[in-house]
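Read the structure below first, then the notes.
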Amino acid sequence: MRSLGDRTVDLLVIGGGIVGAGIARDAALRGLSVALVEQDDFGSGTSSRPTRLIHGGLRYLEQFDFGLVRSDMRERETLLGIAPHLVFPLPFLLPLYRPSLFYQLKLRIGMQLYDALSLEKSLPKRQHLDRAATLAAEPSLQPDGLAGAWRFYDAQVPLVERLVVENVVDAADHGALVLNHARAVEFLRDGERVVGARVRDAIGARDLEIRARFTVNATGPWLDETIAPLRRKKQRLLRLTKGIHLVTRRATEHAHVLFARSDRRLFFVLPWLDATIVGTTDTDYVGDPAHAAADEEDVRYLQAEARHAFPNAPFDDIYFTWAGVRALVREEGVAEGEVSRKHALFDHERREGIAGVMSVVGGKITAYRAIAEEVVDAISGKLERRGRSSTAEQPLPGARGGDFAARERELSLEPATLAQLRRVYGGRARELLELAAGDRSLALPLCPHHHGVAAEVVHAVKAEWAMTLGDVLLRRNALGLSACQGLDCIGRVADQMAPLLGWDVDRRRKEIEDYRREVEPMRRFSTE
Ligand SMILES: Cc1cc2nc3c(=O)[nH]c(=O)nc-3n(C[C@H](O)[C@H](O)[C@H](O)COP(=O)(O)OP(=O)(O)OC[C@H]3O[C@@H](n4cnc5c(N)ncnc54)[C@H](O)[C@@H]3O)c2cc1C
Numbered sequence: 000m001r002s003l004g005d006r007t008v009d010l011l012v013i014g015g016g017i018v019g020a021g022i023a024r025d026a027a028l029r030g031l032s033v034a035l036v037e038q039d040d041f042g043s044g045t046s047s048r049p050t051r052l053i054h055g056g057l058r059y060l061e062q063f064d065f066g067l068v069r070s071d072m073r074e075r076e077t078l079l080g081i082a083p084h085l086v087f088p089l090p091f092l093l094p095l096y097r098p099s100l101f102y103q104l105k106l107r108i109g110m111q112l113y114d115a116l117s118l119e120k121s122l123p124k125r126q127h128l129d130r131a132a133t134l135a136a137e138p139s140l141q142p143d144g145l146a147g148a149w150r151f152y153d154a155q156v157p158l159v160e161r162l163v164v165e166n167v168v169d170a171a172d173h174g175a176l177v178l179n180h181a182r183a184v185e186f187l188r189d190g191e192r193v194v195g196a197r198v199r200d201a202i203g204a205r206d207l208e209i210r211a212r213f214t215v216n217a218t219g220p221w222l223d224e225t226i227a228p229l230r231r232k233k234q235r236l237l238r239l240t241k242g243i244h245l246v247t248r249r250a251t252e253h254a255h256v257l258f259a260r261s262d263r264r265l266f267f268v269l270p271w272l273d274a275t276i277v278g279t280t281d282t283d284y285v286g287d288p289a290h291a292a293a294d295e296e297d298v299r300y301l302q303a304e305a306r307h308a309f310p311n312a313p314f315d316d317i318y319f320t321w322a323g324v325r326a327l328v329r330e331e332g333v334a335e336g337e338v339s340r341k342h343a344l345f346d347h348e349r350r351e352g353i354a355g356v357m358s359v360v361g362g363k364i365t366a367y368r369a370i371a372e373e374v375v376d377a378i379s380g381k382l383e384r385r386g387r388s389s390t391a392e393q394p395l396p397g398a399r400g401g402d403f404a405a406r407e408r409e410l411s412l413e414p415a416t417l418a419q420l421r422r423v424y425g426g427r428a429r430e431l432l433e434l435a436a437g438d439r440s441l442a443l444p445l446c447p448h449h450h451g452v453a454a455e456v457v458h459a460v461k462a463e464w465a466m467t468l469g470d471v472l473l474r475r476n477a478l479g480l481s482a483c484q485g486l487d488c489i490g491r492v493a494d495q496m497a498p499l500l501g502w503d504v505d506r507r508r509k510e511i512e513d514y515r516r517e518v519e520p521m522r523r524f525s526t527e
C-alpha cells in the first residue's frame, strides 16, 4: 500500500462533483494543503446530469423560499463574473394561457420579486409581451389560448462538466493533490476521530492511505453509503429523486418555462449547444445513482408535454437522454417536488460525536461556490486557520487572459474550430494551440461532423486527468454531447489515447466496449 509518507494534508475531500471540486479549490486558494479523490471521473455523478441552469428558480418563490432565491441570484452574478466563458445569460419566455386574474397577479408579483431579489444583477429586467410579440419571438408556440408571455433572464452553464474540471485544475494549480478514478473505501480512525481515508486507485489497482486533519464527505447522492461505516444511527440523511432530460433536434428559438398539462409541474424547453433540452422529471429513486436512466414513462411524459406546447417542433427526433439523482436534505411526508433544494452541512462531531469529518448534504450547482466557501470557513475554524475565501473574485482558469492570435494565425485553423476551442476551454484554448503547434497532426479534426481537434485528446489525458474514453468525450471535449456522441470516431480517439496510457490491443478494445456501455443508457430512446 502506498501512503503520502509522513505528510498529513489539512483537508481530504471525498467526491469530485461540483461541490467537492469547489471545496478543494477554495481551500487550496486559501493555502490549505488539500487532497481530492473521485471514485469515477470528475463530474461524472449528478454534476454532469442537471438542467444546466444557473438560476434562482421561480418555483422556490412559490414555496416562499426567498432566502434561497436571493443567495442563488447573488451566486448567478458571481459565476457570470468568474466564469464568463462557461456561464451565459439566457433569455426565457414564460407563456400565459387563458390566465385567470388571480394567476396574472400572482405571476406579476413573482416576476417583480425575482427582479427585486437580484438587486446587483447585470441581466436585463423582466418584460411583459402581448400575444403578437410572443408569437413573433417564438412562432412555434401553441397558439390556442395564448394571451402573452413574460420574458425574463437567468443563466445557463452548457458545459457544466468543464466547470467541474476547471475547479479541479485551479485546485491542483494551487497545490492540491488530485486523484481521479480513486475511491475512498475506508475511513482511517484514531479513536473517535477520523484522520483520513484509504483510497483505491481503480485504474492503477493499488491502495493509498491519505492522512488528513479534516475530511469532507462531498459524495452527493452516494453520501449515506460513504458515511455509513462511521454512523451508529441508521437514519439516512438524504432523500433521492430522479430527474431525466431529453436531448432533441433543435426545436425552439428561446428557452421556455412551461407548466405540464397533465400534472401542472413546471418543466423547461431549452436551447443547448446545437440541440434542445426538455426536462425534467422528479420521482423518488432507490438504488445506485450511477445506474439512473430514463424509462419509457419519463420519456413519453416529457415528449407529450413538449409536443403540446410546440405542436410542430421535432421532439420525436431524440439524440439521447440523461438522468440524474438529486441528493435532497431528507424530508418525509411531502411530494418530491416540494422538498427544499437548500443544502445543509452535517457536522458529525456535533451531531454524533465523530470528530474530524463533515458531510455536505444537498445543494444546487448554482450555489456550489457559496457552499464551498461555507464548508471551508467551518473547517478553517476547526483547524484554527485564518484566511478568507477568494473564489468570488478569482476567475476560473479559462477566464484568465487568452491572447493567442499569433498562434491562431500560424496554425490557420478554421474559424469554426477556433470558436469551438474557445467555447470549451476559454482562454485555456492557448494550451491546445501550443500542442498543435508542436505537432501539426494534432490540429486535424477528430470527427467529420464536429469542430474539435486531436490536440484535445492529448490535453485531456496530460493536463486534465482523463483516463477513459468517457472521460475525454463526455466530460472534457464535449464531443460525446453531440448527436453521434463520438461513436463515429471512437476508434480514432482510442488510437490516440492508447500510447499515452499504455493500452495494448486488448485494453484498447475493452475501453471501446466500456464507452459503448457507458452511453448505452443515454441512447436507449435515440432515434438517430
Ligand atoms: C435532474 C436534475 C436537474 C438539476 N438541475 C439543476 C440546475 O439546473 N441548476 C442547478 O443549480 N442545480 C441543478 N441540479 C442539482 C445539481 O446537479 C446538484 O446539486 C449537484 O450536481 C451536486 O453536486 P455534488 O458534487 O454534490 O454531487 P455529484 O456531482 O454527484 O458528485 C459526487 C461525487 O462523489 C463521487 N463519489 C461517491 N462516492 C465516492 C467515494 N467513496 N470515493 C470517492 N468519490 C466518491 C461520485 O462519483 C461523484 O462524482 C439538478 C439535479 C438533478 C438531478
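First residue of the sequence shown: 0, per numbering that gives the first Met the number 0; consecutive thereafter. We treat Cβ as the ideally placed atom computed from N, Cα and C, and that holds for glycine.
Asked: beta-carbon R51 near ligand 1 non-hydrogen atom, thresh 7 Å; Found: yes
Asked: Nearest-angstrom Cα separation, counted from H253 out to N311; Found: 15 Å
Asked: Member of L95, Q62 and V285 whose CA lies at the smallest distance from the CA of P220; Found: V285
Asked: Whole-number beta carbon distance between V456 and S444, since they are thought to touch under 8 Å; Found: With the sequence shown as reference, residue 444 is identified as Pro, and Ser is not the correct amino acid for it. The pair is not a contact, with the Cβ atoms about 12 Å apart (cut-off 8 Å).
Asked: 6 Å CB neighbourhood of H84 in its chain, flanking five on each side removed; Found: G397, A398 and G425
Asked: Any non-hydrogen atom of ligand 1 within 7 Å of S117 CB; Found: no
Asked: Start and end residues, alpha helix (DSSP H) containing K381; Found: Y367 to L382
Asked: Runs of alpha helix (DSSP H) wholly within the segment 85-123 (minimum 4 residues, chain order); Found: 100-115
Asked: Which of helix, strand or coil DSSP assigns to K241; Found: strand
Asked: Backbone CA spacing between L145 and T526 [nearest angstrom]; Found: 31 Å
Asked: G400 classed as buried or exposed, judged by whether at least 16 other C-beta atoms fall within 10 angstroms; Found: exposed
Asked: The segment 347-354 in contact with the segment 313-332 per 3-pair CB rule at 8 Å; Found: no
Asked: Option nearest D376 by Cα separation, candidates A27, E519, H127 and V8; Found: A27
Asked: Residue from W464, P288 and E517 whose Cα sits closest to the Cα of A238; Found: It is Arg, not Ala, that sits at residue 238 in the sequence shown. Checked all of W464, P288 and E517; the closest Cα to R238 is P288.
Asked: Proximity below 8 Å, CB of A20 to CB of V167; Found: yes
Asked: Close-in-space but distant-in-sequence residues of the same chain around S389 (CB under 6 Å, 5 per side omitted); Found: L28
Asked: Cβ contact (3+ pairs, closer than 8 Å) linking the segment 292-307 and the segment 267-280; Found: yes
Asked: Cβ contact (3+ pairs, closer than 8 Å) linking the segment 272-283 and the segment 31-47; Found: no
Asked: A211 beta carbon less than 8 Å from that of G190; Found: no
Asked: Assumed close pair R507, A497 - CB separation to whole angstroms, cut-off 8 Å; Found: 5 Å
Asked: Contact under 8 Å by Cβ, L11 with I209; Found: yes
Asked: The segment 45-59 in contact with the segment 359-371 per 3-pair CB rule at 8 Å; Found: yes
Asked: Three-state class that DSSP yields for W464 in the structure shown; Found: coil
Asked: Nearest-angstrom Cα separation, counted from R192 out to D9; Found: 14 Å
Asked: Buried or exposed (CB count within 10 angstroms, at least 16 for buried), D153; Found: buried
Asked: heavy atom of ligand 3 below 7 Å from W464 C-beta; Found: Of the ligands this structure carries, namely ligand 1, none is ligand 3.
Asked: Burial state of H290 (16 or more Cβ within 10 Å); Found: exposed
Asked: Supposed close pair A454, L441 - CB separation, criterion 8 Å; Found: 4 Å
Asked: Expected contact under 8 Å - CB spacing of L395 and A204 to nearest Å; Found: About 33 Å separates the two Cβ atoms, so there is no contact after all.
Asked: Near ligand 1: G14 beta-carbon under 7 Å from a heavy atom; Found: yes
Asked: Ranges of the alpha helix (DSSP H) found wholly within the segment 126-156, counting only runs of at least 4; Found: 130-136
Asked: 8 Å Cβ cutoff met for L344 and V374; Found: yes
Asked: Counted within 10 angstroms of its Cβ, other Cβ atoms place E510 as buried (16 or more) or exposed; Found: buried
Asked: Extent of the continuous beta strand (DSSP E) run through S358; Found: V356 to V360
Asked: Contact test: S70 Cβ vs ligand 1 heavy atom, cutoff 7 Å; Found: no
Asked: Three-state secondary structure (DSSP) of Y318; Found: strand
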